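Data first, discussion second: the structure below is written as C-alpha cells.
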Amino acid sequence: MKQEKYRFDGEVSQIVKGIAIIIMVFHHLFGNLEWVMEGNRFFSIPFGSQSLEYFFAVPGKICISIYAFLSGYGLYTSYQHKKQNAKTAAKRVFSVLINWWLIVLLCFLPLAIICEQQIDYKTVLKHLLLIENRWCPFADYLLFYVTALVTYPAIHWLLNKVNRPFLFFLGTPFVGMAVRKAIDLTVPQGILYQILYFYFLYIAYIIAGSCVCQSKIFIKAHNWLNSKKWNKVWIKVILVFTVIPVRWLVKNKLIFDSFLATMVVFLLVEIIQERQHSLIFRGMHFLGKHSTNIWFMHAVFFFTFGEYTQWIVYLPRVPLVIMIWCIVCCLPFSSIINLLQQKLWYILEKIIKKEES
Numbered sequence: 197m198k199q200e201k202y203r204f205d206g207e208v209s210q211i212v213k214g215i216a217i218i219i220m221v222f223h224h225l226f227g228n229l230e231w232v233m234e235g236n237r238f239f240s241i242p243f244g245s246q247s248l249e250y251f252f253a254v255p256g257k258i259c260i261s262i263y264a265f266l267s268g269y270g271l272y273t274s275y276q277h278k279k280q281n282a283k284t285a286a287k288r289v290f291s292v293l294i295n296w297w298l299i300v301l302l303c304f305l306p307l308a309i310i311c312e313q314q315i316d317y318k319t320v321l322k323h324l325l326l327i328e329n330r331w332c333p334f335a336d337y338l339l340f341y342v343t344a345l346v347t348y349p350a351i352h353w354l355l356n357k358v359n360r361p362f363l364f365f366l367g368t369p370f371v372g373m374a375v376r377k378a379i380d381l382t383v384p385q386g387i388l389y390q391i392l393y394f395y396f397l398y399i400a401y402i403i404a405g406s407c408v409c410q411s412k413i414f415i416k417a418h419n420w421l422n423s424k425k426w427n428k429v430w431i432k433v434i435l436v437f438t439v440i441p442v443r444w445l446v447k448n449k450l451i452f453d454s455f456l457a458t459m460v461v462f463l464l465v466e467i468i469q470e471r472q473h474s475l476i477f478r479g480m481h482f483l484g485k486h487s488t489n490i491w492f493m494h495a496v497f498f499f500t501f502g503e504y505t506q507w508i509v510y511l512p513r514v515p516l517v518i519m520i521w522c523i524v525c526c527l528p529f530s531s532i533i534n535l536l537q538q539k540l541w542y543i544l545e546k547i548i549k550k551e552e553s
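Numbering (my numbering), first residue to last: 197 to 553.
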C-alpha cells in the first residue's frame with residue numbers, strides 16, 4: 197500500500213473509540229469488584245487465583261489513554277489544517293459542555309429525584325460546572341478535557357517550536373509524574389487541586405497523540421510494515437492482546453500507558469484499514485458516535501445510583517452478555533442526547549451568525 201493511501205481520519209477514529217468504549221465498560225463491570233454490590237452476581241471462569249474476566253478487565257483502564265491519544269492526534273490535525281482562534285476553541289469547549297449538561301439534566305437529575313436524594317439548585321449547578329462529581333466520578337476526565345481544550349493552543353505552539361518532538365513525547369509522562377507529586381505536597385484539596393492533578397495526569401496522552409501526528413510516525417511505521425512479508429492482520433491482533441499481560445507486569449502504568457496506548461492505536465488503525473467495511477467495524481463506528489455518552493451514562497449503574505439500578509445491568513449473569521446489555525441500556529438515552537445536542541447546536545449557530553451579521 198502506498199503512503200498516500202494511509203487513512204487515519206475521523207471515521208477511523210470513531211471506530212477506535214467504539215472499541216475503546218467496549219474495553220472501558222468491561223473494565224468497569226469486571227475489573228473493579230468493589231463496585232459490584234451484594235447480590236449482583238455473575239458466572240465467573242476461574243483463572244489461577246483470580247477469574248478470567250478479571251484478568252482481561254483490569255488492564256482495560258488503558259482505554260482512557262486511548263481516548264486522550266485520539267484527542268491529541270485529532271486536535272493537532274485540526275490546528276494544522278484550519279486557522280484556529282479563541283472563537284473556535286470556545287466552540288469546542290461549549291460543544292462538549294452542552295453534551296454534558298444534557299446528560300446531567302436528562303439522566304442524572306431525574307434519577308436523583310426518583311431515588312429521593314436530597315438535592316437543591318446548588319448541587320445541580322456544581323455538577324453542571326464539574327465542581328462536584330458525586331453522580332458521575334467519570335466526569336473527572338471531562339474536567340481535564342475542557343482544561344486541555346483551553347490550553348491546547350499553547351501546547352500546539354510549543355510542539356511546533358520543538359525540534360525533536362519524539363523526545364518531547366518520551367519525556368512528558370515523567371514530567372507529569374513529578375508535577376503531580378509536587379501538587380500533592382503543595383496544593384490543598386479542592387477544585388484547583390482537581391484541575392491541576394487531572395491535567396497533569398492525562399495531558400501526556402494528548403501530547404503523545406499530537407507528537408505522533410506531527411512526526412508522521414504512524415505513516416512511516418505503516419510504510420515500513422508494508423515492506424515486510426509478515427505484515428498480517430492476525431499478527432497485529434495478537435500484538436494488541438499482548439498489552440493485557442504487559443499492563444499486568446509493569447509497575448508504573450501511568451507512565452507506560454503513553455507508549456502502550458500509542459502502540460494499540462497504531463495496530464488498531466492498521467487492522468481497521470484492511471477490514472474497515474466489515475460488519476463488526478461498522479458496529480464499532482456506530483458505538484464510537486455514542487462512546488462519550490455511554491462513558492458517562494453507565495455511571496448510573498455504580499456509585500450514587502448503583503443501589504437502585506445495578507441489579508438491572510447484572511441480570512444476564514454471563515459477563516459478555518452483561519457488557520452488551522449495559523451498552524444496550526445506554527444507547528436509547530444516548531441517541532436522545534445526541535439528537536438534542538445537534539438541534540441545540542444548530543439553533544445556537546444560527547443565533548451567533550445573526551449576531552455577527
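From the three backbone atoms N, C-alpha and C, an ideal C-beta is built for every residue, glycine too. Note that the structure is predicted; figures quoted are calculated from it, not measured.
- Contact annotation: A457 and S209 have beta-carbon atoms that are not nearer than 8 Å.
- Straight-line measurement puts the Cα of H224 at about 16 Å from the Cα of E503.
- Residue environment: D205 is assigned as exposed (fewer than 16 neighbouring CB atoms within 10 Å of its CB, all protein chains considered).
- DSSP, read as helix, strand or coil, puts P242 in strand.
- Runs of alpha helix (DSSP H) with 4 or more residues, each lying fully within the segment 204-254, are found at 206-226 and 248-253, listed in chain order.
- According to the DSSP assignment, A282 belongs to the alpha helix (DSSP H) that extends over A282 to I299.
- In the displayed model, C525 falls within a helix according to three-state DSSP.
- Comparing C-alpha distances from I391 to each of S274, N329, K432 and V439 shows the shortest one belongs to N329.
- Scanning H486, R360, L388 and F251 for the CA closest to the CA of P528 turns up H486.
- Taking the C-beta atoms as reference points, A264 is found no nearer than 8 Å to L345.
- Here T505 is near V496, since their CB atoms are less than 8 Å apart.
- Per DSSP, reduced to three states, the secondary structure at F334 is coil, with no helix or strand assignment.
- Secondary structure note for D453: its alpha helix (DSSP H) is the uninterrupted segment K449 to R471.
- Counting only runs of 4+ residues, the alpha helix (DSSP H) found wholly inside the segment 359-384 occupies 361-382, in chain order.
- With respect to the 8 Å criterion, F222 and Y250 are not classified as neighbours on the basis of their beta carbons.
- Counting C-beta pairs with one atom in each stretch, the segment 415-428 and the segment 210-218 have fewer than three that are closer than 8 Å, which means they do not touch.
- For L450, the closest of S406, F462, I533 and P255 by C-alpha to C-alpha distance is P255.
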